[in-house]
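These protein sequences, in sequence, are chains A and B.
Residue numbers for the first sequence follow the working numbering, so the first one is 1 and each next one is one higher.
Residue numbers for the second sequence follow the working numbering, so the first one is 1 and each next one is one higher.
A virtual CB, placed ideally from N, CA and C, is assigned to each residue, including glycine.
For reference, the structure is listed below as structure tokens.
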Amino acid sequence: MTRINFFQEQVRGFSYQKMILLSVSIILFFSMIVFFQYFRLRSASEDLIDLESQIDLIKVAQGLSTKGSEVQLNPVEQVAVAMISEPAWSDMLRVISKSLSEGIWLEAIHGDSSEGGLLTIQGTAYQARLVPGFLDRLRSYNVFSNVLLLSSEATLKEVDAPLKFKVQAKPRSK
Amino acid sequence: MQGFNFFKTKNFVGRGLSIEPERLRLATTILKEDKIHIVSLEEVPLSSPEITDVSQALPFFKIPPHSKIAINLWDESLKIKKVKIPKMPKKDIAEALRYQLIEDSENTNSPLEIRYTPFHKPNVHTDSLEFMVYGISKEFIAERKKWYQDLGLNVVVAEPPAVSLAAWEVALNPDSPKIRGIFLLQNKRIEFIGLQENHLLYWKYFKPDASLSLEAALSELSIQFQQAIDDFLLYYQFHRMDEAVFAGDWDIPTRNILETSLGIPCKRMGENNFSRLCFSEEAQKEKISSFAVTLGLSIYPEGEL
């Protein structure tokens with residue numbers, strides 16, 4: 001039954017009262033969600049800490065304490081870890097591969113990651129004149145900061161005899 | 001206007017007070033077990049030598065202080081009309097309806113306070129909106145508010161008599177014939193409302209000629225009644241009215257005369273239909289018709305306050 005009351009305001013559609021009420025309701029609603037999530041997160045993190053301490057206790061009880069022990073990696077894993085850790089060995093190997101030319105073959109590559117890293121390349125060039133080109137190409141990439149020829153030794157006493165060489169390069173710091 | 005829903009309505013205002021030029025009427029009701037219990041129907045005439053003023057009459061009712069009261073609000077400026085406007089944003093509707101109500105009415109100088117209800121469920125396919133609009137002078141409302149305050153009444157509802165009357169009829173006969181007209185017969189004012197399936201569709205009021213004899217007045221009025229009914233039927237393209245109901249102060253020999261002249265079944269409001277009512281006194285049954293507006297006011301749902 002639709003009744004009429006002239007002593008009461010008829011409010012339809014937009015009104016400031018409605019708008020304020022709506023705004024307050026929205027703010028309250030989101031505040032409640034935030035508080036709810038906050039308390040849920042806090043309780044979950046407390047649970048996690050409890051769980052971790054329980055796991056530690058169990059491990060200690062079984063003599064498997066994780067603290068202070070090192071993870072044992074197999075050789076493949078060691079190489080993988082080395083490849084993804086600093087310095088960027090994978091980039092260096094890629095540059096060496098691109099710098100090689102026909103007539104040069106490598107015999108050993110040694111990498112040392114201490115003090116910013118150091119790479120030593122040992123190989124043989126079919127002709128001595130091929131070595132300077134190889135060094136130039138290594139230098140042209142923005143990977144090494146210092147490329148040095150450590151030693152070279154001709155295998156025969158001829159002018160254009162094959163040449164053993166040893167190159168040292170330092171990775172460029174990022 | 002929807003049917004009176006006993007199951008949804010939890011409580012009434014409980015006290016309806018109608019202030020008329022000749023008398024004051026107070027109806028006290030309560031809702032109990034889905035029935036309207038009529039606690040009391042009291043009346044104080046304002047024509048006796050001792051009581052000439054409302055403030056003198058009110059103490060006879062012994063209204064508890066601060067109790068909520070619904071009151072009838074009638075003024076010459078009252079207008080009830082179906083208004084059709086083009087589709088527009090909600091915020092503009094009230095102003096458009098006010099403008100339309102003033103535009104359609106004559107002699108409206110004072111600003112109107114309006115209330116409105118959607119006429120039917122909104123139809124998305126139409127380009128227009130229809131409302132029943134109720135308007136009354138703002139000045140009159142302000143004056144009445146102050147007057148009731150001065151009288152020490154806690155008036156929470158002020159409703160046009162036509163709406164209270166329709167509400168009471170719907171409460172008594174929710175399953176009555178589809179199209180009915182109700183005449184509220186009072187000495188200085190007669191109102192006619194048209195209902196269809198418990199929706200108030202039409203309202204008209206006229207003043208009886210006090211100088212005429214009852215018979216002459218009835219003859220004159222039956223023409224006016226017929227015109228009101230014709231207006232209602234024509235406006236809504238209804239073929240016929242199923243029933244005419246009479247309420248108010250007039251005793252009915254009028255009924256037979258009107259039944260003959262109008263050619264439709266006529267009955268007095270509440271006649272032999274008390275299935276939804278409980279009375280405190282047997283004598284109250286006789287007063288149902290004359291207290292129709294007051295009772296309608298008393299059952300104003302508290303939930304709508």
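- Query: Under the three-state reduction of DSSP, which class applies to L163 (chain A): helix, strand or coil?
  - Reply: strand
- Query: Under 7 Å Cβ-Cβ, which residues of chain B neighbour I4 (chain A)?
  - Reply: Correct list: R115, Y134, E159, P160 and V163.
- So is L73 (chain B) in contact with chain A if we call contact Cβ pairs under 8 Å? Flagged as an interface residue toward chain A: L73 (chain B), by a C-beta distance shorter than 8 Å.
- Inspect the beta-carbon positions of P161 (chain B) and V293 (chain B) and report whether they are closer than 8 Å. yes
- Query: Among A:Q37, A:A169, A:Q78 and A:V81, which one has its Cα closest to the Cα of R137 (chain A)?
  - Reply: A:A169
- Item | Segment contact flag, the segment 74 to 91 of chain B with the segment 127 to 142 of chain B, C-beta cutoff 8 Å, min 3 pairs | yes
- Item | Through-space distance from D160 (chain A) to R129 (chain A), alpha-carbon basis | 8 Å
- Task: Leaving aside the five residues before and after I19 (chain B) along the sequence, list all residues of the same chain whose C-beta is less than 8 Å from its C-beta, in chain order.
- Result: V54, I71 and N72
- Query: With 16 as the cutoff for other CB atoms within 10 Å, does E113 (chain B) come out buried or exposed?
  - Reply: Residue environment for E113 (chain B): buried (at least 16 other C-beta atoms within 10 angstroms of its C-beta).
- Query: Are the C-beta atoms of F7 (chain A) and some chain B residue less than 8 Å apart?
  - Reply: yes
- Query: When DSSP labels each residue in this structure, what does W147 (chain B) get in the three-state scheme?
  - Reply: helix
- Item | Opening and closing residue of the beta strand (DSSP E) in which A154 (chain A) lies | F144 to A154
- Limits of the unbroken alpha helix (DSSP H) element including W89 (chain A): Looking at the DSSP string, the run of the alpha helix (DSSP H) that includes W89 (chain A) is W89 to S99.
- F134 (chain A): first and last residue of the uninterrupted alpha helix (DSSP H) it sits in: L130 to S140
- Query: What residues of chain A sit near K145 (chain B), judged by a beta carbon separation below 9 Å?
  - Reply: F7
- Task: Check the Cβ-Cβ distances between I141 (chain B) and every residue of chain A, and say whether any is below 8 Å.
- Result: yes
- Message: I need the straight-line Cα distance from L201 (chain B) to L101 (chain B), nearest angstrom please.
- Response: 15 Å
- Is P111 (chain B) helix, strand or coil when you go by DSSP? Correct three-state label for P111 (chain B): coil.
- Query: Are the C-beta atoms of V155 (chain B) and some chain A residue less than 8 Å apart?
  - Reply: yes
- When the Cα atoms are used, what is the spatial distance from D75 (chain B) to H37 (chain B)? 30 Å
- Step through the CB atoms of chain A and report whether any lies within less than 8 Å of the CB of A96 (chain B). no
- Query: CA-CA distance, L148 (chain A) and L135 (chain A)?
  - Reply: Rounded to whole angstroms, the gap between the alpha carbons of L148 (chain A) and L135 (chain A) is 8 Å.
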